[in-house]
Amino acid sequence: MTTATTDATAVTATTETTPADQPPTEPTAELRALAPLVGTWKVTGGVEGTVRYEWLAGGFFLVQHVDLVQFGEPVTGMEVIGNLRPYGEPTGADVASRYYDSQGNTFDYVYELTGDQLTIWAGAKGSPAYFRGAFTADGTTMTGDWVYPGGGGYTSTMTRI
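Numbering (the numbering used here), first residue to last: 53 to 213.
Structure representation (structure tokens):
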């Protein structure tokens, strides 16, 4: 409790702690489910190159480093993946990300991993643009399709290196 006194009045203010004010003690199960992505992967298919996933200290965010070639052009960037939690608010339910590339573009995604199936929604969950792929039983390969609205997209394979 804080008390401040002026010439004529006393002001008392109390500060209550709510669950949203408390930092989470551990990352969400939905984020931890992405652990199979951690490591370096060779990417083939519609794009070629490597990506690397690593946990940011504390484990509340997964970072992807991208070094690819698509349509003959280099694609380099970084993606930060985790549950959104604006200061003082509860942790968001979706595992969201923002990708930043070397040409100044940003892209937002939502990640879902259920069993061996990974879905990456472009924008919000349920978007008509998405990636859906599956890990092999040994977790060393993932193959899936990027699907774009109105047709288009490509098949991509990631192999752990």
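We put the CB at the ideal spot given by N, CA and C, even for glycine.
Here the structure is a predicted model, which is why all the values come from computation and not from measurement.
* **6 angstroms CB neighbourhood of G112 in its chain, flanking five on each side removed** => Reading off the sequence, residue 112 comes out as Phe, not Gly. Here the set comprises P79 and G134.
* Mapping DSSP to helix, strand and coil, what is A148? -> strand
* Return the residue from the list T77, G203, V99 and R104 that minimises the CA-CA distance to G110. => T77
* Going by C-alpha distance, which of T195, Y161 and S149 is nearest Y206? -> T195
* Any contact of the region 115-127 with the region 90-104, i.e. 3+ C-beta pairs under 8 angstroms? -> yes
* To do: May I ask which residues mark the beginning and end of the alpha helix (DSSP H) holding L83?
  => A81 to R84
* Asked: First and last residue of the beta strand (DSSP E) that includes A181?
  -> Careful: A181 lies outside any beta strand (DSSP E) and carries neither H nor E.
* From M210 to F183, what does the alpha carbon distance come to, in whole angstroms? -> Between M210 and F183, the C-alpha separation is close to 13 angstroms.
* Asked: In terms of alpha-carbon separation, which member of Y200, G191 and T143 lies closest to L86?
  -> G191
* **Same chain only: Cβ atoms within 6 angstroms of W198, ignoring 5 sequence neighbours per side** => F183, G205 and Y206
* Who are the Cβ neighbours of A186 in its own chain at under 6 angstroms, not counting the five residues just before and after it? -> D168 and Q169
* Nearest-angstrom Cα separation, counted from A181 out to G202 -> Taking the straight line from one Cα to the other gives about 9 angstroms.
* To do: Counting only the same chain and skipping the five closest in sequence on each side, list residues whose C-beta sits under 7 angstroms from that of I172.
  => Y161, Y163, Y182 and F183
* So what does DSSP say about P126, is it helix, strand or coil? -> Looking at P126 - three-state DSSP - the assignment turns out to be strand.
* Run of the beta strand (DSSP E) containing R212, from where it starts to where it stops -> G205 to R212
* Identity of the residues DSSP links to V95 by a beta bridge -> DSSP lists G101 and M210 as partners of V95.
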